[in-house]
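Asks:
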Amino acid sequence: MAYWLMKSEPDTFSIDDLAKRPRKTTAWDGVRNYQARNYMRQMKRGDEVLFYHSSCDNVGVAGIAQVVREAYPDATQFDPDDSHFDPKSDPEDPRWDVVDIKFVKKLPEVISLEALKANAKLGDFALTRRGNRLSVLPVTAPQWRAILKMA
DNA sequence: GCCAACGTTGGC
DNA sequence: GCCAACGTTGGC
Numbered sequence: 317m318a319y320w321l322m323k324s325e326p327d328t329f330s331i332d333d334l335a336k337r338p339r340k341t342t343a344w345d346g347v348r349n350y351q352a353r354n355y356m357r358q359m360k361r362g363d364e365v366l367f368y369h370s371s372c373d374n375v376g377v378a379g380i381a382q383v384v385r386e387a388y389p390d391a392t393q394f395d396p397d398d399s400h401f402d403p404k405s406d407p408e409d410p411r412w413d414v415v416d417i418k419f420v421k422k423l424p425e426v427i428s429l430e431a432l433k434a435n436a437k438l439g440d441f442a443l444t445r446r447g448n449r450l451s452v453l454p455v456t457a458p459q460w461r462a463i464l465k466m467a
């Protein structure tokens, strides 16, 4: 079992949107960064995910989700009408993948980025490293436990 | 809206 | 392989 953090802009897709989906599940499409993709390829069914709200008034961890389907090709890369269309991706060897994640719970309050930065127990946390821009990040087991305690 | 920090692209 | 230009991310 591994732990991850996935970012989403709540104006586009929030933890509430995830809870409202059919079967409370969504394909995490649109990732177009190789490192983030590689992390998604490492994800296993049952892995747990911190659902993070970025670029909004209340930046931070908003809920918990779970991986319910492991990596498979992202359909949006082959759709010319989709903003994530990638003309260079070969259908025989797709460049971009998605995983399916399912809603587990919404936190009563967002754990703010400020509070995460202030928590020394998190140590070297990928999210708070300077210059971090990855939309999919690994979380260690001790970090996961420390963050849940903050909820 | 600003800007720092990246990743990607393409000419050479 | 280098690197400048460009586009994007994301906090503030």
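Each number in my numbering comes from the position in the first sequence (counting from 1) with 316 added on.
Even glycine gets a Cβ: it sits at the ideal position worked out from N, Cα and C.
Just so we're clear, the structure is a prediction, and the values are computed from it rather than from any experiment.
Is T328 buried or exposed, if buried means 16 or more other CB atoms sit within 10 Å of its CB?
Replies: So T328 ends up on the exposed side.
Asks: Per the contact definition of three or more C-beta pairs closer than 8 Å, is the segment 363 to 379 in contact with the segment 317 to 324?
Replies: Verdict: yes, contact present.
Asks: Shortest alpha-carbon distance to V420 belongs to which of F394, E325, R337?
Replies: Checking every option, the nearest Cα to that of V420 belongs to R337.
Asks: Assign W320 to one of three DSSP states: helix, strand, or coil.
Replies: Reduced to three states, the DSSP call for W320 is strand.
Asks: Is the segment 410 to 420 in contact with the segment 381 to 398, if contact means three or more CB pairs nearer than 8 Å?
Replies: With the cut-off at 8 Å, the segment 410 to 420 and the segment 381 to 398 touch.
Asks: In this structure, how does DSSP classify A378 when only helix, strand and coil are distinguished?
Replies: Strand at A378.
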